[in-house]
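**Q** Following my numbering, the numbering of the sequence shown begins with 1 at its first residue and continues without gaps.
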Amino acid sequence: MFYDHQQIEKKWQKYWEDNQTYKTSDSTDKPKFYVLDMFPYPSGAGLHVGHPLGYIASDIYARFKRHQGFNVLHPVGYDSFGLPAEQYAIQTGTHPAITTEQNITRYEEQLRKIGFSFDWSREVRTSDASYYKWTQWIFIQLFHSWYNKDTDKAESIETLIQNFEEKGTEGLNANQNEELNFTSEEWKNSSEIDKGAILLNYRLAFRAETTVNWCPALGTVLANDEIKDGKSERGGYPVFQKKMMQWSMRISAYSERLLQGLKTLDWPQPLKDAQEYWIGKSQGAQVRFLVDGSQLTVDGQQANNQQPTTNNYIEVFTTRPDTIFGATFMVLAPENPLVQSLTTEEQSTEIATYIEETSKKTERDRMADVKNVSGAFTGSYAINPFTGKNIPVYISDYVLMGYGTGAVMAVPAHDERDHRFAKKFNLEIIKVVESDVDVQEEAYDSKDSVCVNSDFLNGLNYKEAKAKIIAEIENRGIGHGTTNYRQRDAIFSRQRYWGEPVPIYYKDGMPYTLPNSALPLELPEVEKYLPTEDGDPPLGNAKTFAWDEANQKVVDTDLIDDKTVFPLELSTMPGWAGSSWYFLRYMDPNDDAVFAKKDLTDYWG
């Protein structure tokens, strides 16, 4: 008997489409079950073998659950904004709007032919204005929110402003870029520009200068997971460290909640361990080391003031404050803003050269390269607050600006990397934890012993010594006990064309959000959409991309007068902006009033 698979396939595919066989109802007495796939990037002329490999597995499960009597939601869509789709367009020399549409058409044709039981009526595309309207709306909610550590949740920025109006920063417990202190009177007397700058220090979506992974060939900032062996995952281009003004998401505010949430997940333990390491909770102390004023320079001038201002101390975070009596030098990240003022004229050339060399390495490269030791002496000295000794200040690529304060007190007797550094630069090594190990030859980093050569800590075990030294640090007013996390805030802007426009305009240099009624802020057509090596975003080429504040609409760019018509943000959102919430939009894909109705998210969530 001949089996004509082509005719059979056509017959049943037509039947499924005509009868909407796999369309899911939101109203049923059946128990619900949500089968979610990672939706594909339309970044090629068709599916590759990896697509059906995953989708076949999830489709088998979706069909199995239907046979068990479940109301199954198994949707499909396309992650159509971002670097993969845009890079394909650049390689083919065709505008990304065209290639994306062509690729999606081909993907859908292939997916339908395979016969997946998708609910095609719920298809979403992150590059559709009806979809990214809500991506922009979510950004606006984050911009107008701050994280209250006391309530352990995000709150409206208006509650923060009310706190400032009533009592300044008194009693405030917020996640922030830097700790600020001011009274209610000082807040009230501040200009609107100054108030705006203060609020950016607390917003969940904020703009600040940060060190980024910059890829000149791709003309954009890359996340760590978009880089492999110092090169971009897409294209294999060199990546450098560079300081840029960037939008970021304050994901670090949620570090503890993410850690606690891991405990509730039925995941393999190795995967949970990897997540815990990535979040990287550590408890210790922040301590201020005064800089020897005879060496310090500020704006090229010698500074002899020994009062603790932000210009003449180095603040470190350490998980081992009990070893502070063994701190014999300090090391700063090359990107640390203190480096410039700490560098003496004699050391300026060496420091500049080292900073340039470090910029060619990504943070992952620096973390992985544990055997090679390098650094440069700034020419300055700090004062160990417990021994009173002057200790030299170096810079080295093994210290990262994004972790802690971007500076460490180096205790070479009890830290392996500090030990290698001390041996290379012939620095003092002092044992402060008892052991039989010759610390001149190797570091002893165990906590299973007692303190020695540590004055009032002598004879105490790790736990006792840590508690006592933190109490003394706080008593002296030179620091405090604290909890730190390795997790960084996520950089949220890209200097590319094919992405969601950020719904921000600038007045007097400060960012303001567009009103919700103006959404979506649509991506304008531009002739020149290629990224630039210097980081100027392609949206700067748009002819109609300015905000008329008086008439609440987008107008021609040449009308910008900074009085009633203002420039819009030229960077776009990263590819993961739209893909961070697509699972919610599947629940209510065609709603124009909300991103998803609460009763539907309650039902499917």
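All C-beta atoms, glycine included, are put in the ideal place defined by N, C-alpha and C.
Treat the numbers as computed from the prediction; the structure is a model and nothing was measured.
On the DSSP letters alone, give me the boundaries of the alpha helix (DSSP H) that Ile391 sits inside.
**A** Where Ile391 is concerned, there is no enclosing alpha helix (DSSP H), although the beta strand (DSSP E) it sits in stretches over Asn390 to Ile395.
**Q** Sorted by chain position, which residues of the same chain lie with C-beta nearer than 7 Å to Leu523's C-beta, five sequence neighbours on each side aside?
**A** Cβ within range, chain order: Pro501.
**Q** Which parts of the segment 478-526 are runs of the alpha helix (DSSP H), unbroken and 4 residues or longer, counting only runs that do not cross its ends?
**A** The qualifying runs do not exist here; there are none.
**Q** Can you tell me where the alpha helix (DSSP H) holding Glu192 begins and where it ends?
**A** Its alpha helix (DSSP H) spans residues Glu192 to Leu200.
**Q** Identify every residue that forms a DSSP beta bridge with Ile314.
**A** Answer is Phe289, bridged to Ile314.
**Q** Would you call Trp498 buried or exposed, if buried means 16 or more other Cβ atoms sit within 10 Å of its Cβ?
**A** That one is buried.
**Q** From Pro511 to Pro392, what does the alpha carbon distance come to, in whole angstroms?
**A** Near 41 Å, if we compare the C-alpha coordinates of Pro392 and Pro511.
**Q** Out of Phe492, Ala546 and Trp604, which has the shortest C-alpha to C-alpha gap to Glu209?
**A** Closest by alpha carbon: Phe492.
**Q** Using the Cα positions of Pro268 and Tyr586, report the straight-line distance between them to the nearest angstrom.
**A** Cα-Cα distance, rounded: 27 Å.
**Q** Determine the DSSP secondary structure at Asn531, reduced to helix, strand or coil.
**A** The sequence given here has Pro at residue 531, not Asn. If DSSP states are grouped into helix, strand and coil, Pro531 belongs with coil.
**Q** With distance defined between alpha-carbon atoms, name the residue in Ala197, Asn484, Asp599 and Asn177 nearest to Thr318.
**A** Closest by alpha carbon: Asn484.
**Q** Hey, Gly46 and Gln110 are a contact pair by Cβ (cut 8 Å); roughly how many whole angstroms apart?
**A** Gly46 to Gln110, Cβ: 6 Å. Contact.
**Q** Assuming contact is defined by CB atoms lying nearer than 8 Å, are Trp604 and Tyr15 in contact in what I supplied?
**A** Cβ distance not < 8 Å, so Trp604 and Tyr15 don't count as in contact.
**Q** Can you tell me the Cβ-Cβ gap for Ile470 and Pro334, rounded? I've got them flagged as a contact below 8 Å.
**A** Not a contact, Cβ separation roughly 29 Å.
**Q** Beta carbon of Tyr41, beta carbon of Phe118: below 8 Å?
**A** Going by C-beta atoms, Tyr41 is not nearer than 8 Å to Phe118.
**Q** Quick one, which of Lys424, Leu338 and Ala413 has its alpha-carbon nearest Asp438's?
**A** Nearest C-alpha to Asp438: Ala413.
**Q** Leaving out five residues before and five after Ala223 in sequence, what residues of the same chain have Cβ atoms less than 6 Å from its Cβ?
**A** No residues qualify anywhere along the chain.
**Q** Lys10: buried (16+ other C-beta within 10 angstroms of its C-beta) or exposed?
**A** Exposed: under 16 other Cβ atoms inside 10 Å.
**Q** Spell out the partners DSSP gives Asp548 in its beta bridges.
**A** Asp548 pairs with Lys553 and Val565.
**Q** With DSSP as the reference, please indicate the residues paired to Pro238 in a beta bridge.
**A** Per DSSP, Lys231.
**Q** Can you give the Cα-Cα distance for Gln301 and Thr344, rounded to whole angstroms?
**A** Caution is warranted here: a pLDDT of 45 is assigned to Gln301, below 50, making its placement in the model unreliable, and no coordinate value can be reported.
**Q** Let me know the alpha helix (DSSP H) ranges lying completely inside the segment 376-464, each 4 residues or longer, listed in chain order.
**A** Listed in chain order, they are 416-425.
**Q** Measure the Cβ-Cβ separation of Ser43 and Phe81 and say whether it is below 8 Å.
**A** Cβ atoms of Ser43 and Phe81: not closer than 8 Å.
**Q** Given a cut-off of 8 Å on the beta-carbon distance, is the pair Thr557 and Phe545 in contact?
**A** In contact: Thr557 and Phe545 (Cβ atoms closer than 8 Å).
**Q** DSSP three-state label for Arg250, please.
**A** Coil at Arg250, not helix or strand.
**Q** Going by C-alpha to C-alpha distance, which of Lys371, Asp79, Leu180 and Gln286 sits closest to Trp581?
**A** Ranking Lys371, Asp79, Leu180 and Gln286 by Cα distance to Trp581 puts Asp79 first.
**Q** Would you mind giving the Cβ-Cβ distance between Lys231 and Pro238, rounded to the nearest angstrom? I have them listed as a contact below 8 Å.
**A** So it is a contact: roughly 6 Å between Cβ atoms.
**Q** Would you call Arg288 buried or exposed, if buried means 16 or more other Cβ atoms sit within 10 Å of its Cβ?
**A** Answer is buried; the Cβ neighbour count reaches 16.
**Q** Considering only the beta carbon of each residue, do Phe206 and Trp187 sit closer than 8 Å?
**A** Not closer than 8 Å, so no.
**Q** Could you check whether Met244 and Val316 sit closer than 8 Å to each other, using their CB atoms as the reference points?
**A** Cβ distance not < 8 Å, so Val316 and Met244 don't count as in contact.
**Q** Could you give the residue range of the alpha helix (DSSP H) that holds Pro52?
**A** Here the alpha helix (DSSP H) through Pro52 covers Gly50 to His67.
**Q** The alpha helix (DSSP H) with Arg112 in it runs from where to where?
**A** That run of the alpha helix (DSSP H) goes Pro96 to Ile114.
**Q** State buried or exposed for Pro531, treating a residue as buried only when at least 16 other CB atoms are found within 10 Å of its CB.
**A** Flag for Pro531 reads buried.
**Q** Compare the C-alpha of Leu83 against each of Glu233, His67, Tyr61 and Thr264 and name the closest.
**A** Leu83 has its Cα closest to that of Glu233, out of Glu233, His67, Tyr61 and Thr264.
**Q** Of the residues Ala129, Glu155, Gly481 and Ile60, which one's Cα is nearest the Cα of Gly578?
**A** Taking only the C-alpha atoms, the option nearest Gly578 is Ala129.
**Q** Can you give the beta carbon distance from Asn390 to Asp292, rounded, assuming they're within the 8 Å contact cut?
**A** With a Cβ gap of about 6 Å, Asn390 and Asp292 count as contacting.
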